[in-house]
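Visitor: Quick one: the structure is below, questions incoming.
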Amino acid sequence: MKEMATMKDVAELAGVSLGTVSRVINKAQGIKPQTLEKVNGAIEKLNYIPDQYARGMKLNRTNTIALIVPTIWHPFFGEFAYHVEQELSRLDYKMLLCNSAGPEKEAEYIKML
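In structure tokens form, the structure reads like this:
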């Protein structure tokens, strides 16, 4: 099985530093268009996908929101969860859906998070 590409692989292919790759991924200002093109080209060629959880540990923020619903079987909560996820996705957040089925399970999820 082929290993996943790393930021180091992207930097080597693009001929730039790791810091430059990081700045491109984080959409920093002031990056030359030709540098953006090289880095984004390397990202695409290598199918590089940034590790959201590693990034979250560094930034102390994961952009993940938990939605705890009493049941996913009720059409209202399924529809509600769908629309919440759509909006969070638009804002570049991920949603963790938890089906509580009661206060004990809800407390478990809250403690876990």
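Be aware that the sequence shown starts at -5, since it is given in the numbering used here, and climbs by one per residue.
Note that CB positions come from ideal geometry on N, CA and C, so glycine has one too.
In this text, all values refer to a predicted model and were calculated from it rather than measured experimentally.
By the three-class DSSP mapping on this structure, what secondary structure does Q2 have?
Guide: It is worth fixing the name first, because residue 2 is Lys in this sequence and not Gln. Three-state result, K2: helix.
Visitor: Is L61 closer than 8 Å to A48 when the C-beta atoms are compared?
Guide: Cβ distance not < 8 Å, so A48 and L61 don't count as in contact.
Visitor: In chain order, which continuous runs of the beta strand (DSSP E) of length 3 or greater are located wholly inside the segment 24 to 105?
Guide: Correct list: 58 to 63, 88 to 93.
Visitor: Would the segment 36 to 44 count as touching the segment 66 to 85 if we require 3 or more Cβ pairs under 8 Å?
Guide: At 8 Å Cβ cutoff, the stretches do not touch.
Visitor: Is DSSP giving G9 helix, strand or coil here?
Guide: DSSP places G9 in coil when its eight states are reduced to three.
Visitor: Thinking C-beta only, is P64 closer than 8 Å to F71?
Guide: A contact, by the Cβ cut-off of 8 Å.
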